[in-house]
DNA sequence: ATTGGCACTCAAGATACCTGAGTGCTAAAC
DNA sequence: GTTTAGCACTCAGGTATCTTGAGTGCCAAT
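Chains as they are written, first to last, in my numbering: chain B, 412 to 750; chain C, 412 to 750.
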């Protein structure tokens with residue numbers, strides 16, 4: 412087993428490296444942290460850490476830098492989550508509590524998280540697998556067009572303009588609306604499609620063309636509701652740390668703009684630490700992200716569907732702060748959306 | 412006046428510099444463009460151009476680079492807009508014609524524009540100053556909460572969850588909904604607030620607390636509808652050209668993430684070339700953007716409200732392509748949203 | 001007005017040298 | 001066994017010097 416003091420040395424190295432972004436040497440360690448031993452002793456400890464691949468020397472005879480494995484140990488064993496400051500807590504609470512609209516809440520959250528951590532932040536919309544239909548509205552828009560609106564359990568709204576391909580009378584619209592609501596209200600999204608066959612069949616033959624169109628659009632809306640969606644904020648923070656990313660910053664940015672990739676990335680993680688999970692460097696499956704760390708937490712909405720919120724930054728990041736912030740924002744989101 | 416051939420030389424310099432990103436010298440010019448004169452002659456022309464501050468030498472005795480003023484002249488006088496290729500036209504048309512939802516159309520447009528130009532693209536939502544209310548929906552959400560939905564002329568939807576602070580009966584909800592619609596349908600957004608006083612007064616005293624709340628939320632929705640909103644895509648393209656930006660890439664990215672700044676930036680411009688307007692380098696008011704060029708066009712929705720769409724990149728960009736693409740996307744957007 | 005010729009300039013690359021922070025190891029001290 | 005002082009060694013990064021070549025500006029000839 413690795414001796415106690417060596418582990419302390421690792422902690423010190425991680426902290427100093429994060430603070431200074433310079434490889435850290437034995438002398439600096441004794442000076443800055445109250446080790447009651449000489450630099451030579453620290454060097455012995457460092458030799459052990461290097462043996463264990465927890466730290467590495469960028470070139471023979473310069474200071475040491477934590478490896479992914481070193482950060483991992485730091486996060487798992489050493490990182491006492493530093494609670495947010497009171498002003499910070501207060502900011503989150505008052506900032507988020509003002510709004511109840513999902514888009515607004517998530518938009519604010521992701522910007523706030525980005526500010527709190529000085530990292531790029533990401534939030535995923537809850538998937539609505541278990542949600543159900545609250546109501547369907549059909550609103551005339553012009554001579555031949557109506558607006559279909561689907562409202563779900565989770566305050567989520569989807570709309571689509573539908574061209575009926577001919578003029579229609581109010582009564583017909585009313586009938587459509589009534590039938591849709593009778594059939595669908597309360598139905599889980601997963602069952603919507605099958606229920607709609609009944610809807611289609613309830614109309615006279617000459618109306619079929621229109622109803623088929625309506626059905627297909629509603630199915631689309633449901634799919635859109637179930638599909639993944641993501642918000643991002645603070646790309647500039649990532650840019651500012653470009654040098655920590657070993658040159659593939661552009662690739663990272665590109666990957667992040669690709670929703671599919673980003674979704675895959677953050678969904679690899681399952682919560683562990685304080686409800687927060689961390690992937691460090693090469694622990695990420697995707698090569699593009701092998702110099703970045705992803706910190707994500709789960710939050711739940713009232714249908715108990717969970718989604719991710721987190722930050723993405725260079726492996727050389729302030730883990731304490733970031734884990735604390737992600738954890739806090741995830742908790743507040745759950746509180747806000749879960750009632 | 413500047414002689415004809417000198418102007419041709421400027422065009423050649425701009426083209427070569429855009430293509431090679433290297434300062435371009437007299438010899439290269441004679442070789443690559445069919446000037447029937449010697450390098451020495453070209454050098455005389457270059458001296459004129461330098462005199463006019465249209466080009467500049469980064470260091471004594473290296474090739475020349477266009478100045479902002481040089482690019483300006485190029486754009487104004489020399490740049491024959493190259494029409495999009497047929498495949499490109501087709502791509503735009505089929506890509507955008509599939510969807511009629513505003514969010515979807517704008518989202519797709521901005522991504523497409525970014526791809527077409529290899530630049531960061533931006534699109535502004537139409538402001539709804541002249542739009543009016545199409546309908547108001549009030550949908551029960553839980554024991555004490557309702558969802559207010561405001562639908563406008565321009566297929567734009569805003570929603571907000573409202574806590575009524577107590578249980579309520581269906582009849583009351585129905586009454587609220589009916590009154591709101593009677594009052595507001597067809598009303599321009601600008602007049603909504605005053606019309607709502609009548610709504611408030613039409614209720615018995617004991618209901619007032621609730622109705623006040625409803626009114627204030629609807630006003631909020633209207634404001635949200637009128638406020639500016641922007642979508643951005645392709646930040647990675649900008650990152651890839653970081654070196655062309657003279658080091659302040661991070662600042663640019665930061666400014667762009669700040670909606671207010673971005674709005675100001677693109678609203679400085681008034682259409683001129685083919686309905687497209689260009690701000691080059693220091694022509695932008697904001698110092699941050701003095702190494703970038705902004706190309707924007709206007710598009711209109713059915714209420715004849717116009718909004719901007721465009722790209723942002725380094726001054727050293729392919730003006731022909733970008734102007735053509737922005738112009739095309741703006742036209743298609745107008746076509747799609749204007750009917 | 002154009003051109004060949006030529007001296008001149010300067011960024012960028014190559015080469016060499018120096019410095020100092022930091023190491024690993026050994027032998028002595030605790 | 002652990003700690004420490006001492007010392008030789010390494011090497012990234014800074015500085016200094018040289019070389020090269022693309023490109024210029026200008027002049028005299030066409």
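Where is the CB? At the ideal position from N, CA and C, for every residue including glycine. Treat the numbers as computed from the prediction; the structure is a model and nothing was measured.
Check, Outcome
"Applying the 10 Å Cβ sphere with the 16-neighbour rule, what's the burial state of residue 619 (chain C)?", "exposed"
"Do the region 684–696 of chain B and the region 684–691 of chain C make contact, defined as three or more Cβ pairs closer than 8 Å?", "no"
"Under a three-way DSSP split, which group does residue 414 (chain B) fall into?", "coil"
"Alpha carbon to alpha carbon, what distance is there between residue 725 (chain C) and residue 634 (chain B)?", "39 Å"
"Hey, is residue 641 (chain B)'s beta-carbon within less than 8 Å of any beta-carbon in chain C?", "no"
"Determine which residues share a DSSP beta bridge with residue 718 (chain C) and list them.", "C:710"
"So residue 648 (chain B) is in the alpha helix (DSSP H); what residue range does that whole segment cover?", "646–651"
"Could you tell me which chain B residues have their CB closer than 8 Å to the CB of residue 541 (chain C), listed as they occur along the chain?", "Going along chain B, no residue has its Cβ under 8 Å from residue 541 (chain C), so there is no contact; the nearest lies around 17 Å."
"So which of C:416, C:433, C:467, C:430 has the shortest CA-CA distance to residue 453 (chain C)?", "C:416"
"Could you work out which residues of chain C lie near residue 660 (chain B), taking near to mean beta carbons separated by less than 7 Å?", "650"
"Name the residue from B:592, B:662, B:617 whose alpha carbon lies nearest to the alpha carbon of residue 702 (chain B).", "B:662"
"Consult DSSP for residue 444 (chain C) and reduce its assignment to one of helix, strand or coil.", "coil"
"Using a Cβ-Cβ cut-off of 8 Å, state whether residue 647 (chain C) counts as contacting chain B.", "yes"
"Residue 476 (chain B): which of B:644, B:732, B:465 sits nearest, CA to CA?", "B:465"
"My output table needs one value for residue 556 (chain B): the three-state DSSP class, helix, strand or coil.", "strand"
"Determine, using beta-carbon pairs with one atom in the region 495–507 of chain C and one in the region 425–438 of chain C, whether at least three such pairs fall under 8 Å.", "no"
"Comparing alpha-carbon positions, which option in B:732, B:731, B:741 lies nearest residue 753 (chain B)?", "Coverage of chain B is limited to positions 412 through 750, which leaves residue 753 (chain B) absent and any answer about it impossible."
"Report the rounded CA-to-CA distance for residue 532 (chain C) versus residue 643 (chain C), giving the unit in angstroms.", "6 Å"
"Counting Cβ pairs, one atom from each stretch, are 3 or more of them under 8 Å apart for the region 651–670 of chain B and the region 456–465 of chain B?", "no"
"Look at the alpha carbon of residue 522 (chain B) and the alpha carbon of residue 584 (chain C), and state the distance between them as a whole number of angstroms.", "36 Å"
"Report the start-end ranges of each alpha helix (DSSP H) in the region 484–553 of chain C that is 4 residues or longer and not cut off at the edges.", "497–508, 513–528"
"Tell me which same chain residues have a C-beta within less than 7 Å of the C-beta of residue 614 (chain C), skipping the five on either side of it?", "622"
"DSSP three-state label for residue 724 (chain C), please.", "strand"
"Within the same chain, show all residues whose beta-carbon is closer than 6 Å to that of residue 645 (chain C), passing over the 5 residues directly before and after it, in chain order.", "525, 531, 532"
"Over what stretch of residues does the alpha helix (DSSP H) that includes residue 738 (chain B) continue unbroken?", "730–748"
"Under the three-state reduction of DSSP, which class applies to residue 476 (chain C): helix, strand or coil?", "strand"
"Using a beta-carbon distance below 8 Å, is residue 714 (chain B) in contact with chain C?", "no"
"Would you check if the region 546–561 of chain B and the region 730–750 of chain B touch, i.e. whether three or more CB-CB distances between them fall below 8 Å?", "no"
"Is it true that the region 661–676 of chain B meets the region 622–631 of chain B, where meeting means three or more beta-carbon pairs spaced less than 8 Å apart?", "no"
"Identify whether residue 467 (chain C) lies in helix, strand or coil by the three-state DSSP scheme.", "strand"
"In whole angstroms, give me the CA-to-CA distance for residue 472 (chain C) and residue 731 (chain C).", "29 Å"
"Residue 604 (chain C) CB to nearest chain B CB: under 8 Å?", "no"
"May I ask which residues mark the beginning and end of the beta strand (DSSP E) holding residue 690 (chain B)?", "687–691"
"Since residue 570 (chain C) sits in a beta bridge, which residues does DSSP pair it with?", "C:560"
"Let me see if you follow: with CB-CB separation under 8 Å, is residue 580 (chain C) close to chain B or not?", "no"
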